[in-house]
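Just add 129 to wherever you are in the sequence shown, counting from 1, and you've got my numbering. We put the beta carbon where it would ideally sit given N, CA and C, even for glycine. So the structure is just underneath, and the comments pick up after that.
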Amino acid sequence: MSFTQDMDDEYEKLIRRMNPPRVVIDNESCKNATVIQVDSANRHGILLEVVQILTDLNLVITKAYISSDGGWFMDVFNVTDQDGNKITNEEILDYIQKSLGPDSSCFGRSVGVLPSTDYTSIELIGRDRPGLLSELSAVLRHQKCNVVNAEVWTHNTRAAAVMHITDQETGCAITDPDKLARVKDLLCNVLRGSNRSREAKTEVTHVATHMERRLHQMMFDDRDYERVGEEEDKDDQRQRPNVSVVNWYDRDYSMVTIRCKDRPKLLFDTVCTLTDMQYVVFHGSVDTEGPQAYQEYYIRHVDGSPVKSEAERQRVIHCLEAAIERRVSEGLKLELCTSDRPGLLSDVTRIFRENSLTVTQAEVSTRGGKAINTFYVRDASGYPVDAKTIDSIRQSIGQTILKVKGRPKEWKQDAPQESQSLFGGLFKSRSFCNFGLVRSYS
130 MSFTQDMDDE
140 YEKLIRRMNP
150 PRVVIDNESC
160 KNATVIQVDS
170 ANRHGILLEV
180 VQILTDLNLV
190 ITKAYISSDG
200 GWFMDVFNVT
210 DQDGNKITNE
220 EILDYIQKSL
230 GPDSSCFGRS
240 VGVLPSTDYT
250 SIELIGRDRP
260 GLLSELSAVL
270 RHQKCNVVNA
280 EVWTHNTRAA
290 AVMHITDQET
300 GCAITDPDKL
310 ARVKDLLCNV
320 LRGSNRSREA
330 KTEVTHVATH
340 MERRLHQMMF
350 DDRDYERVGE
360 EEDKDDQRQR
370 PNVSVVNWYD
380 RDYSMVTIRC
390 KDRPKLLFDT
400 VCTLTDMQYV
410 VFHGSVDTEG
420 PQAYQEYYIR
430 HVDGSPVKSE
440 AERQRVIHCL
450 EAAIERRVSE
460 GLKLELCTSD
470 RPGLLSDVTR
480 IFRENSLTVT
490 QAEVSTRGGK
500 AINTFYVRDA
510 SGYPVDAKTI
520 DSIRQSIGQT
530 ILKVKGRPKE
540 WKQDAPQESQ
550 SLFGGLFKSR
560 SFCNFGLVRS
570 YS
């Protein structure tokens, strides 16, 4: 097996030397966007890798033109920063050139395969329920594990998480096999809860992976796109993405069109799913006009065939709908920034749980000793989140530490005076950070 992998690596290197990728960045031809053109030898997954590199920089892709017929891949992206401006930062432009150009080491690493000694990665999936993140965090705290980075998604009654944890004593990856086995078993028991009807999974690894890429793969493998009974009726009450799949018989393609509300990383999410389903995008276009996004793809399966049956067509539609909905932000957005410390995530999520809030999405990160976390929360009973509940939580944690984003109009604005944190030294009310660093899903 290793011989075959070595042969594949050498063949890919040869192709790259013969046809090195070419990147052209143009800030002149378009009035309101930076145009990035990428030309390269074609292979399955290359579109996803290019889109992933751009979205990881928090760039907004407003338009895209895709062509990959034959052995050559050509793609053109119109991109802006989060404020809708052209990309003029020389460090970012240089990074794009190095990441996508002939000397790139990023191509071929859409999902990381490099071992990490900095942290241990835990992948979790199971049935969602109120307080689940709090229970998982409490287990890790009790086992003296620090959560340094994490992403949590919920969709269609399922919850998935990728967490990077360290040993509290060493600050590095956990190397004790007995401790790893114990942590895995305890987390899996929490995920199962009292519901044994559908499998819960916990995987522990030292391999570095792309969190959002893995979350898509995990939820796809878990079949979160399948809707039945009451859940299907509830989803139909919301505005669903408009996805259609028709066969274009003259060219032996299937044409996929997607119309939905625009949001950051939408292109990444749909391309992830098409790649995971083993479809190749031969041609495509992406356009965003105001709040709406339009995507059009001409695809074939990797075996060269278009969509063959009605059942396959429905499966493509449902999987793309799920990919779009996984990142739709349901609930009130809360941003937390304070000095990092062991057990911080456990304390915060416990306070949410004690106030009858459930977390629908979370992004946890630590940077330079600071914890920078984003939570989307809902009332566990299904009612709108009450302003008094949030005010009580913010008084417990600290008004300057926990910020409310997208505050409902009927809520009163914050009082100008600063309230004291009930946690005293655990949450320092004087801690500030640049909240612009926190990525938004909405």
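Boundaries of the beta strand (DSSP E) in which residue i is found, first to last residue
i    : result
T487 : 486-496
L465 : 461-468
T295 : 287-296
D204 : 201-209
N275 : 274-284
A500 : 499-508
V333 : 330-334
E252 : 249-256
K227 : Not the beta strand (DSSP E): K227 falls in the alpha helix (DSSP H), residues 219-229.
Per DSSP, cross-strand counterpart(s) of residue i
i    : result
D185 : Its beta-bridge partners do not exist; DSSP assigns none.
R151 : D168
R388 : N371, Y423
G413 : I195, Y426
T163 : V208
L531 : L465
N376 : S383
I190 : V208
Y596 : The structure shown has nothing for residue 596, since the chain only spans 130 to 571.
E418 : Q421
Rounded C-alpha distance that separates residue i from residue j
i    : j    : result
L176 : T404 : 9 Å
G535 : W282 : 20 Å
Q407 : E298 : 43 Å
S131 : H173 : Only weak support exists for where S131 lies, its pLDDT of 46 falling under 50; the coordinates are left without a value.
H430 : V436 : 7 Å
R258 : V179 : 36 Å
V208 : N156 : 10 Å
V374 : R444 : 10 Å
Q424 : R342 : 20 Å
C317 : A329 : 7 Å
P306 : D296 : 12 Å
R479 : R380 : 56 Å
T309 : T338 : The sequence shown places Leu at residue 309, rather than the Thr named in the question. The alpha-carbon atoms of L309 and T338 are separated by roughly 18 Å.
V164 : S158 : 8 Å
R336 : V276 : Inspection of the sequence shows that residue 336 is occupied by Val rather than by Arg. If I take the Cα positions, the gap works out to 16 Å.
A162 : T217 : 10 Å
C516 : Q368 : The sequence given here has Ala at residue 516, not Cys. Distance between the alpha carbons of A516 and Q368 is about 26 Å.
T246 : G300 : 10 Å
R388 : A422 : 6 Å
Y113 : D223 : Lying outside 130 to 571, the shown extent of the chain, residue 113 is not represented and no answer is given.
Opening and closing residue of the alpha helix (DSSP H) in which residue i lies
i    : result
R343 : 340-350
V457 : Where V457 is concerned, there is no enclosing alpha helix (DSSP H), given that its DSSP letter is neither H nor E.
Q524 : 516-526
H271 : 261-271
C301 : Per DSSP, C301 belongs to no alpha helix (DSSP H) and is neither H nor E.
V431 : Per DSSP, V431 belongs to no alpha helix (DSSP H) and is neither H nor E.
R479 : 473-483
K313 : 306-321
D353 : Premise fails: D353 is in no alpha helix (DSSP H) and is neither H nor E.
T404 : 395-405
Same chain, Cβ closer than 6 Å to residue i, five either side skipped, listed in chain order
i    : result
A193 : F206, V415
V514 : L461, D508
D353 : H284, N285, R287, A451
V152 : V167, Q226, L229, G230
V488 : L262, F504, V506
P149 : P231
K273 : Q297
Contact check, residue i vs residue j, beta carbons under 7 Å
i    : j    : result
L261 : A288 : yes
I446 : V372 : yes
S250 : T331 : no
G497 : D469 : no
P370 : D391 : no
T386 : T191 : no
L465 : L531 : yes
I453 : M347 : no
R270 : S458 : no
A440 : T467 : no
Contacts around residue i, its chain only, beta-carbon distance under 7 Å, and the 5 residues preceding and following it disregarded
i    : result
K394 : T184, R456
G200 : A170, N171
V319 : E264, L265, V268
F397 : V180, Q181, T184
H412 : I195, S196, Y427
Chain-order list of residues whose beta-carbon lies under 8 Å from that of residue i (same chain, five-residue window excluded)
i    : result
N278 : Y248, M292, H293, M340, V493, S494, T495
V410 : L176, I195, S197, V400, L403, Y426, Y427, I428
Residue-chain proximity (residue i, chain B), Cβ-Cβ < 7 Å
i    : result
L222 : Although the question refers to chain B, the structure presented lacks it and comprises just one protein chain.
Residue i Cβ short of 6 Å to the ligand COA heavy atom set
i    : result
T529 : By its list of ligands, the structure shown contains no ligand whatsoever, and the ligand COA lies outside what it can speak to.
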